[in-house]
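Have a look at the structure below, then the notes.
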Amino acid sequence: MKTLTTTLLAFLLSVTTLLAQVGEIRGTVKDKKTGETIPGVTVYIEVGGVQQGTATDMDGKFVLKPVKSGVHTVWFSYMGYKKMKIYDVGVTTDKITFVNPDMIEEATLLGSYDVVEQMHTIPLIEPDQPGIQHVTSKEIMNSPNKQDPIKIVATLPGIILAPNGKDVYVRGSRPQSTQFFTDGMKSLTGDIGIPGQAIGSMKVYTGGVPARYGDITGGVIVVETKSYFDLAQQYK
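Going by my numbering, the sequence shown opens with residue 1136, and the numbers climb by one from there.
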């Protein structure tokens, strides 16, 4: 009975953690030439070969949620327009990612392209929340320090790598005052603890730390790992 109870608690904890690792994608779809919004556009992503989608409303707006944290490709499809995909769309836990595509009519696009591709870009520092900085999976994989992601964190403004090469100073605070969270769970070892290849995204708080992370005087580094499907796609 004790073993069954322990197993059940572990299962519920894992499910709760997975459910917490979601954000959402919002945006407005417009005609590139006229600037008018387009209602009825199909918007979707694929997770593990399964499509998750929605459609724009009468004002051309859409909300796609819940979306698992990580990096996604968002597809837009509407009759009379070239199909469009926006890749490298980073979704982080409890956060809204905005994607605002301008679709091109079939007749106005020269050449034989079946799909219009565009990379999604986000500012390193959010203008309305300057205390939050983001590191995407692509940035990690392109870094020479991908095997040691704490060194990637140390390249961000306001953060300095400690002499031991393992800790960081966030805005001059002691290394011990910086906390690490991986997939919603506080790190017991006081570090990231996983290689960069397994990381879907990192969010670094250098100020304005949310209350859910506790009474922290330094910074918070939030790591979200890649899903099984992300890793499978990576090593195809």
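Every residue, glycine too, gets a C-beta built ideally from N, C-alpha and C.
Looking only at its chain, what residues have a beta carbon closer than 7 Å to the beta carbon of residue 1167, apart from the 5 residues adjacent to it on each side?
1237, 1238, 1239
C-beta contact flag for residue 1250 and residue 1273 at 9 Å:
no
Within a Cβ cutoff of 8 Å, which residues of the same chain sit near residue 1308, ignoring the five residues on either side of it in sequence?
1352, 1353, 1354
Within 10 angstroms of the Cβ of residue 1312, are there 16 or more other Cβ atoms? Answer buried if so, exposed if not.
exposed
Under 8 Å: do the stretch 1222-1231 and the stretch 1290-1301 share three or more Cβ pairs, one atom per stretch?
no
Take residue 1163 as the anchor and find which of 1198, 1314, 1220 has the nearest alpha-carbon.
1198
Considering only the beta carbon of each residue, do residue 1334 and residue 1359 sit closer than 9 Å?
yes
Using DSSP's beta-bridge definition, name the partner residues of residue 1196.
1163
For the beta strand (DSSP E) containing residue 1338, list its first residue and its last residue.
1334-1340
Provide the residue(s) that pair with residue 1169 in DSSP beta bridges, ordered along the chain.
Per DSSP, none; premise fails for residue 1169.
Let's see if you can read the secondary structure: which residues bound the beta strand (DSSP E) around residue 1180?
1177-1182
Chain-order list of residues whose beta-carbon lies under 8 Å from that of residue 1161 (same chain, five-residue window excluded)
1196, 1197, 1198, 1199, 1231, 1232, 1233, 1234
Going along the chain, which residues of its own chain have a beta-carbon closer than 6 Å to the beta-carbon of residue 1305, five neighbours each way excluded?
1294, 1313, 1341, 1353, 1354
Alpha helix (DSSP H) segment containing residue 1288, residue limits
1284-1288
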